[in-house]
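K.L.:
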Amino acid sequence: MNTAEIKRVYLFGTCLVDVFHPRAGMAAVRLLEREGLFVDFPPEQTCCGQPPYNSGYDEQARDVARQVVERFSDPIPVIVPSGSCAGMLRHHYPSLLADDPLADAARGLATRTYELHEFLNRVLKIRLEDKGEPTKIVMHTSCSARREMGIREDGLALLGQLKNVEVCEPENAEACCGFGGTFAVKMSDISAAMAADKCEAIEATGADQLLSSDCGCLMNIDGMLRKQARDLDAEHLAEFLWQRTGGDAL
Amino acid sequence: MSGFSTHPDHDFDVRVHDALGNEELRESFHGAMHFLRDKRRSQFPDLDALEALRDRGAAIRDRALARLPDLLEQLEKNCLRNGIQVHWADTAEEANTLITDLVRSIDGKRIVKGKSMATEEIGLNTAFEAAGFTCLESDMGEYIVQQAKETPSHIIMPAIHRNKASIARQFHEQIPETPYTEDVDELIGTGRRVLRRAFAEADVGISGVNFAVAETGTLCLVENEGNGRMSTTVPEMHIAVMGIEKVIERLADLPDLLRLLTRSATGQAITTYFNLISGPRKDNEIDGPRQVHLVLLDNGRSRIYADRQLRETLRCIRCGACMNHCPVYERLGGHAYGTVYPGPIGQVVMPQLFGLDRAGKLTQACSLNGACGEACPVRIPLPDLIRRLRHEGVTHEAGSPVKGHGRQRKAGEALIWKAWSLIHRTPWLYSLTTRFATRGRRLLPPLPQAWTRHRAPLEPAEQSFREMMARRGDSPGDQQ
Ligand code: SF4
Chain E
1 MNTAEIKRVY LFGTCLVDVF HPRAGMAAVR LLEREGLFVD FPPEQTCCGQ
51 PPYNSGYDEQ ARDVARQVVE RFSDPIPVIV PSGSCAGMLR HHYPSLLADD
101 PLADAARGLA TRTYELHEFL NRVLKIRLED KGEPTKIVMH TSCSARREMG
151 IREDGLALLG QLKNVEVCEP ENAEACCGFG GTFAVKMSDI SAAMAADKCE
201 AIEATGADQL LSSDCGCLMN IDGMLRKQAR DLDAEHLAEF LWQRTGGDAL
Chain F
251 MSGFSTHPDH DFDVRVHDAL GNEELRESFH GAMHFLRDKR RSQFPDLDAL
301 EALRDRGAAI RDRALARLPD LLEQLEKNCL RNGIQVHWAD TAEEANTLIT
351 DLVRSIDGKR IVKGKSMATE EIGLNTAFEA AGFTCLESDM GEYIVQQAKE
401 TPSHIIMPAI HRNKASIARQ FHEQIPETPY TEDVDELIGT GRRVLRRAFA
451 EADVGISGVN FAVAETGTLC LVENEGNGRM STTVPEMHIA VMGIEKVIER
501 LADLPDLLRL LTRSATGQAI TTYFNLISGP RKDNEIDGPR QVHLVLLDNG
551 RSRIYADRQL RETLRCIRCG ACMNHCPVYE RLGGHAYGTV YPGPIGQVVM
601 PQLFGLDRAG KLTQACSLNG ACGEACPVRI PLPDLIRRLR HEGVTHEAGS
651 PVKGHGRQRK AGEALIWKAW SLIHRTPWLY SLTTRFATRG RRLLPPLPQA
701 WTRHRAPLEP AEQSFREMMA RRGDSPGDQQ
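Quick mapping for you: the protein sequence lines, in order, are chains E and F.
Taking my numbering, I'd label the letters of the first sequence as residues 1 to 250.
Taking my numbering, I'd label the letters of the second sequence as residues 251 to 730.
Set out below in structure tokens:
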């Protein structure tokens, strides 16, 4: 897509951002607007359908997916502040809706879906100026962002522009944090064993703060850090980027 | 010892609990998996070359599967021409009967077996026991677990869950005149002494098959210890057992597949031994078996074959890389699965072979993180297949090819997803629900214990994102 032609983008907020991290959503909006884009937020949006889809309830996932396809129908980019939801739209809608009247529209949507930081870094190629104090952060990239979307570099590249931010990744960075949607509840002990290792690796970095662009991972890791009364804040990457670059309160 | 429980779902939770509570096991697996991953990585320094090789590997396997019925016929014809007798077995029982009959036909009593997953799959050792034969596992790892009356916990490294102290103890107690030693070389020497004698005395040698080449009627066997070579050449009779999917078109396909197999499995560029078996001893030859038999095992594979997507399962070359990269396998080890094939490929193969009613729960033991799919040298989309099987497990759709489909469906769960879908399809209802979750956040019922046992309770924000956006009105695009 030619950057110059992009005047307007959709924002797909995701259900976790909606309920648990609304400020990450706001940060996404502000970051996009600062680049001169009009952000269209269809108010009737809900969720991408991932929870039932990953549980094998295709029919229920399809019902929700159809609405997403219909609500984001204009041929403009759809920006998603979450790797796994973006992956759902880009990689799973086409097969989920393959036999649906909306099959073509779903394929079209897939080609114009971007994860927020991927879009900021690769398409808009934004420049960021750090206005914060020196700090060290640890970045957790979700499995979907890393493997399904292949966008690990984008988050790191954006952070790399901030001169006062020292960025590190935990040991075994590619290891799953154990969230996996309903996996965290259905196989809760296995999931917790994975999360515990992740927390340890994150803490071992000695970073001041944990960042991720997936709310699922954030909820999972932060939930365990807090349960263990560990002193490390977790925040969505978009929010961090907005604040560091002098953005006003969200 | 049949090599697997008949109902892997049964007590899966108990086995998971035990595995997670076993510090020694967790430590062994953690160390072993990291070691294997590092080794594999070091074998593929050039990532683009690796991706190209994976493409070729997947294409070779796809090409072979596309012509599977033809190739099997061609393989049979060429094997017969080479003097290899070919047998077909539809089920595990059929295969076991066939094999025990073959052993009886030469009045055989003593059997040695090289490493073979197919014979684990059919529970051949149990059938041998019932027939009164003794069958000694000749792969060192297999030998150790057999002696301990255990099952393999990994398809490439059967005894990976054991440490040298416990093996030293086992050898000392079970092999006469063996002093206790933790010296690995000495331990291997002890095992080798026992096995050497068994090779010399055996009437029948059993092996698996890594690949069978249709164009030449050749059986390929990859191994490191030389036991495969011994089992297939010393005894009078050699019986090779292979799943029907292991056939490939031509010899020229071998180099790429071998490269992928050994590097993905153990991080070795090549293995110590690579056997190409093309027939029994000829009249002018002084060694080799008098008879070579090939058993072609279906055991549910044609059913898998019938479905376009599930067919990808059959590309598997049994390298074990998916389990080495799986965070769940790393925490549980192989035994928790209660199956011959553990880890991601086990979660895909076993429910298809056994039926979702008996092994469907295994598909839940996955966070869909994708590490297995990324590791698989022949690009089997394991996460997609696991998800597909979850779907098969909860749907009663007519015409589903998967055995036991619909049997994992629980009324309560189905209802939850129905309600979920209704809420997420009905904006005002969704709005109301999120408003309730945010405003009434102190009123929320405590989340399922499964979450809060290990994590702090979730805290919805005071105001939802949609409310923030609504309050703000339209996006001022030119703001700033
Ligand atoms: S599924 Fe792939 S990675 Fe797993 S054993 Fe088979 S070939 Fe190896």
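Glycine residues also receive a C-beta, built at the ideal position from the N, C-alpha and C atoms.
With a CB to CB cut of under 7 Å and the five nearest residues on each side skipped, what residues in its chain are close to Ile-417/F?
P.N.:
Ile-394 and Leu-437
K.L.:
If we ignore side chains and look at the alpha-carbon of each, how far apart do Gln-397/F and Met-88/E end up?
P.N.:
48 Å
K.L.:
If we call anything under 8 Å between Cβ atoms a contact, is Met-573/F one with Pro-594/F?
P.N.:
yes
K.L.:
Counting C-beta neighbours from all protein chains within 10 Å, is the total for Asp-548/F 16 or more, i.e. buried, or is it exposed?
P.N.:
buried
K.L.:
Using 10 angstroms around the beta-carbon of Met-251/F, count the other beta-carbons present and answer buried if the total reaches 16, otherwise exposed.
P.N.:
Confidence at Met-251/F is low in this model, with a pLDDT of 34, below 50, so its placement is unreliable and the value that follows should be read with caution. The residue is exposed, with fewer than 16 neighbouring Cβ atoms inside 10 Å.
K.L.:
Check each residue of the stretch 669-686 of chain F: if its Cβ is closer than 8 Å to any Cβ of chain E, include it; give the result in chain order.
P.N.:
Result list: Trp-670, Ser-671, Ile-673, His-674, Arg-675, Pro-677, Tyr-680 and Thr-684.
K.L.:
Can you find a C-beta in chain F that's less than 8 Å from the C-beta of Ala-193/E?
P.N.:
yes
K.L.:
How should Ile-520/F be labelled, buried or exposed, when 16 other C-beta atoms within 10 angstroms of its C-beta is the threshold for buried?
P.N.:
exposed
K.L.:
Should Gln-730/F be flagged as near chain E, meaning a C-beta pair shorter than 8 Å?
P.N.:
The predicted position of Gln-730/F is uncertain, since its pLDDT is 39 and thus under 50; no value can be drawn from it.
K.L.:
Measuring from the CB of Gly-570/F, is there a heavy atom of the ligand SF4 at a distance below 7 Å?
P.N.:
yes
K.L.:
As a quick exercise: from Ala-145/E, Leu-128/E, Ser-142/E and Thr-182/E, pick the residue whose alpha carbon is nearest that of Leu-158/E.
P.N.:
If we check each option's Cα against that of Leu-158/E, Leu-128/E comes out closest.
K.L.:
Identify the continuous alpha helix (DSSP H) that holds Glu-343/F and give its terminal residues.
P.N.:
342-355
K.L.:
How big is the Cα-Cα spacing for Ile-489/F and Val-362/F?
P.N.:
10 Å
K.L.:
Report the rounded CA-to-CA distance for Pro-577/F versus Gly-538/F, giving the unit in angstroms.
P.N.:
44 Å
K.L.:
Do we get a CB-CB distance below 8 Å when we pair Asp-63/E with the residues of chain F?
P.N.:
yes
K.L.:
For a contact defined as C-beta to C-beta under 8 Å, what are the partners of Pro-698/F on chain E?
P.N.:
Val-185
K.L.:
Would the C-beta of Leu-632/F count as close to the ligand SF4, meaning under 7 Å from any of its heavy atoms?
P.N.:
yes
K.L.:
Counting pairs of Cβ atoms below 8 Å between the stretch 601-616 of chain F and the stretch 150-164 of chain E, do you hit three or more?
P.N.:
no
K.L.:
Starting from the C-beta of Met-492/F, find all residues in its chain whose C-beta is less than 8 Å away, skip the five residues before and the five after it, and write them out in chain order.
P.N.:
Contacts found: Ala-368, Gly-458, Val-459, Ala-462, Leu-469, Leu-544, Val-545, Leu-546 and Leu-547.
K.L.:
Whose Cβ in chain E lies nearer than 9 Å to the Cβ of Ala-621/F?
P.N.:
Cys-143, Arg-147, Glu-174, Ala-175 and Cys-176
K.L.:
DSSP has Asn-525/F in a bridge; who is on the other side?
P.N.:
Leu-471/F
K.L.:
Look at Ser-671/F and Gln-60/E and say whether their C-beta atoms are less than 8 Å apart.
P.N.:
yes
K.L.:
Buried or exposed: Ser-514/F, going by 16 or more other Cβ atoms within 10 Å of its Cβ?
P.N.:
buried
K.L.:
What residues in its chain sit with their C-beta under 7 Å from that of Glu-35/E, if we drop five residues either side in the sequence?
P.N.:
Leu-124 and Ile-126
K.L.:
Taking 8 Å as the threshold (beta carbon to beta carbon), is Ile-79/E in contact with chain F?
P.N.:
no
K.L.:
Under the DSSP definition of a beta bridge, which residues are partnered with Phe-461/F?
P.N.:
DSSP, once it has assigned bridges, lists Cys-470/F as partnering Phe-461/F.
K.L.:
Gln-209/E touches chain F at which residues, Cβ-Cβ below 8 Å?
P.N.:
Within 8 Å Cβ-Cβ: nothing; Gln-209/E doesn't reach chain F, min ~17 Å.
K.L.:
What residues are listed by DSSP as bridge partners for Leu-211/E?
P.N.:
According to DSSP, Leu-211/E bridges with Met-139/E and Glu-235/E.
K.L.:
So, for Glu-171/E: in the same chain, excluding its five sequence neighbours on each side, which residues have a beta-carbon less than 6 Å away from its beta-carbon?
P.N.:
Excluding sequence neighbours, Glu-171/E sits near Ala-201.
K.L.:
DSSP has Leu-386/F in a bridge; who is on the other side?
P.N.:
Bridge partners of Leu-386/F: Val-362/F.
K.L.:
Tell me the DSSP secondary structure of Gln-541/F in three-state form.
P.N.:
Looking at Gln-541/F - three-state DSSP - the assignment turns out to be strand.
K.L.:
What runs of the alpha helix (DSSP H), each 4 residues or longer, lie entirely inside the stretch 568-599 of chain F?
P.N.:
571-574 and 577-582
K.L.:
Between which two residues does the alpha helix (DSSP H) holding Glu-148/E run?
P.N.:
Run containing Glu-148/E: none; DSSP gives neither H nor E here.
K.L.:
Use the C-beta contact count for Leu-297/F: other C-beta atoms within 10 angstroms, 16 or more gives buried, fewer gives exposed.
P.N.:
Exposed.
K.L.:
Any chance the CB of Ala-625/F is under 7 Å from a heavy atom of the ligand SF4?
P.N.:
yes
K.L.:
Any idea what DSSP makes of His-488/F, helix, strand or coil?
P.N.:
strand
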